[in-house]
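In the working numbering, the protein residues as written are 12 to 573.
These notes concern the structure reproduced below.
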């Protein structure tokens with residue numbers, strides 16, 4: 012649902028009771044009223060976009076030691092919310108305090124929406140404020156608010172010895188007089204990280220599984236050293252009944268440079284039977300790399316191929332993992348040094364995937380797809396597309412050479428990296444499934460469900476914001492497929508897939524995206540997104556037909572106490 016930014020309510024903070032002086036003296040004037048707190052007038056409608064669901068997992072297979080570990084991990088994960096809010100900047104704490112004091116008809120839903128968004132900015136409305144009027148800085152809390160990309164690049168050019176620290180995923184940039192300095196996360200968030208590290212060490216002392224114990228010990232040490240390589244390596248080797256992910260990972264919050272990693276945490280339980288059923292795909296990663304529609308010189312045969320696949324049920328999530336739109340899977344770690352040594356781990360969140368399929372994907376398909384396409388949408392295709400989206404993050408260009416210098420795709424594409432990478436993974440996921448079906452390694456009957464499930468998924472993702480950066484990546488896929496004739500619009504404004512044109516169109520689209528990455532082509536990526544990333548009137552009309560459906564989930568975790 013689009014927001015109506017002009018319709019706002021002014022809500023006054025609660026004033027303290029009047030104070031009276033001694034007998035015979037006039038009463039002291041009441042305290043000055045707090046400034047009006049502006050809250051979006053449609054905040055209740057915004058809150059209604061999120062379907063409240065209780066996310067639970069089967070814990071019956073956990074023994075006493077694992078249960079005790081789980082409790083400590085949940086305690087550690089709770090502290091990640093504090094760090095994540097600090098990473099967004101001081102305005103979050105100020106808005107939270109103002110909301111705590113405020114009264115009025117919009118305060119209760121605003122507090123709930125603040126909890127979902129992890130701050131006063133609406134992640135479905137381009138990070139515009141729904142509480143107060145302060146715009147979110149492009150660099151969140153990672154940089155001085157007045158710092159521009161040009162100033163940072165000029166400083167690095169003049170002080171090349173500072174480059175590694177200033178560009179690091181794990182530092183914040185601050186002004187020190189006229190200098191720009193990098194402050195490690197371990198210093199910037201030392202108190203909260205120390206508390207989290209203490210819980211991780213306690214969990215490690217309780218853990219009976221050696222791989223779990225090693226990860227927890229090394230990750231606690233990383234919180235203090237700011238060096239995450241060893242603990243990322245240990246996380247790749249983790250094979251235990253309890254599956255934690257905790258630390259700084261994704262760079263979506265840094266819209267200034269796209270470098271800085273946000274803290275998040277997942278505490279989950281492993282589903283070994285389901286994981287084993289999918290493990291065969293990691294053996295096909297070299298074949299899938301060779302099958303990419305780009306010249307061999309741009310393919311990445313250096314990355315490790317261990318790439319474990321884990322299917323889990325989430326018990327608790329916090330920080331970036333529980334802000335705004337909830338992930339259904341993730342592919343980590345992001346450090347290219349770790350990926351080249353050991354590959355990456357794909358984690359599928361089964362209970363979240365199922366909840367989103369039931370609450371959103373099926374009703375979306377029924378409204379925007381032609382009836383024969385809507386009838387072919389399936390959970391199996393959705394789950395497989397999620398899996399192969401994550402596998403795709405480990406394929407394609409990573410470390411590249413630009414103008415004779417060694418670099419990587421993330422560094423060259425800066426703030427556009429995440430947009431293009433997510434779109435690439437969408438397209439490559441379906442492309443790879445098609446290749447595996449053709450090779451006889453996936454069931455042929457999956458083919459009929461693949462295209463319509465993918466298109467319904469594009470509409471699901473488009474509802475997170477069609478005019479913003481990530482929305483451009485989604486819309487670009489849709490418009491490219493329309494241009495190539497792989498999608499058609501019927502007389503009722505519903506979309507039908509054209510199966511005979513779909514594979515070729517996907518191949519061409521994937522080729523364009525991968526070559527942008529292989530060249531580290533920032534200007535070309537921007538031009539591609541500008542050309543294909545604008546929604547058509549027909550697509551906007553289709554999205555408008557979904558306005559009464561939930562956009563995403565408001566996840567609650569009763570097994571973690573909330």
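All C-beta atoms, glycine included, are put in the ideal place defined by N, C-alpha and C.
Query, Result
"Burial state of residue 188 (16 or more Cβ within 10 Å)", "exposed"
"Simplified DSSP state of residue 535, which is helix, strand or coil", "helix"
"Nearest-angstrom Cβ-Cβ length linking residue 362 and residue 66, presumed shorter than 8 Å", "6 Å"
"Contact under 8 Å by Cβ, residue 394 with residue 331", "no"
"Nearest-angstrom Cβ-Cβ length linking residue 63 and residue 462, presumed shorter than 8 Å", "With 8 Å as the limit, residue 63 and residue 462 do not qualify as a contact, their Cβ atoms being about 32 Å apart."
"Beta-carbon proximity list for residue 192, same chain, < 6 Å, skipping 5 on both sides", "185"
"Close Cβ partners of residue 428 (< 7 Å) along its chain, the five nearest in sequence each way excluded", "269, 420 and 421"
"Status (buried if at least 16 other CB within 10 Å, exposed otherwise) for residue 242", "buried"
"Proximity to residue 304 [Cα-Cα], best of 406, 373, 264 and 259", "406"
"Residue 108 and residue 142 closer than 8 Å at C-beta", "no"
"Proximity winner among 271, 267 and 279, relative to residue 249 (alpha-carbon distances)", "279"
"Between the CA atoms of residue 219 and residue 345 - distance to the nearest angstrom", "28 Å"
"For residue 464, the three-state DSSP class (helix, strand or coil)", "helix"
"Backbone CA spacing between residue 167 and residue 176 [nearest angstrom]", "10 Å"
"CA-to-CA distance, residue 227 to residue 80, given in whole angstroms", "10 Å"
"Straight-line Cα distance separating residue 56 from residue 204", "36 Å"
"Contact between the region 96-103 and the region 129-148 (3+ Cβ pairs under 8 Å)", "yes"
"When 513, 499 and 372 are compared against residue 464, the one with the closest alpha-carbon", "372"
"Closest by C-alpha distance to residue 296, when choosing among 398, 381 and 386", "398"
"Backbone CA spacing between residue 563 and residue 416 [nearest angstrom]", "42 Å"
"Selected residue, minimal CA-CA separation from residue 475, among 561, 401 and 391", "561"
"Those runs of the alpha helix (DSSP H) which lie wholly inside the region 223-268 and span at least 4 residues", "240-247"
"Cut-off 8 Å between Cβ atoms - residues of its own chain near residue 572, not counting five sequence neighbours on either side", "85"
"CB of residue 516 within 8 Å of CB of residue 495, strictly", "yes"
"Residue nearest to residue 552 in terms of C-alpha spacing, selected from 306, 224, 504 and 523", "504"
"Within 8 Å, strictly: CB atoms of residue 540 and residue 472", "no"
"Identified DSSP bridge partners for residue 412", "417"
"Helix, strand or coil at residue 106 according to DSSP, with G and I counted as helix", "helix"
"Beta-carbon separation (whole angstroms), residue 272 vs residue 262, contact threshold 8 Å", "6 Å"
"Neighbourhood of residue 439 by C-beta, 6 Å cutoff - its chain only, sequence neighbours within 5 removed", "403 and 521"
"Same chain, Cβ closer than 7 Å to residue 367, five either side skipped, listed in chain order", "339 and 564"
"Backbone CA spacing between residue 260 and residue 234 [nearest angstrom]", "13 Å"
"Short Cβ contact (8 Å threshold) for residue 197 with residue 236", "yes"
"Alpha-carbon to alpha-carbon, residue 247 and residue 358", "11 Å"
"For residue 569, three-class secondary structure by DSSP", "helix"
"Buried versus exposed, by CB contacts within 10 Å (16 or more), residue 312", "exposed"
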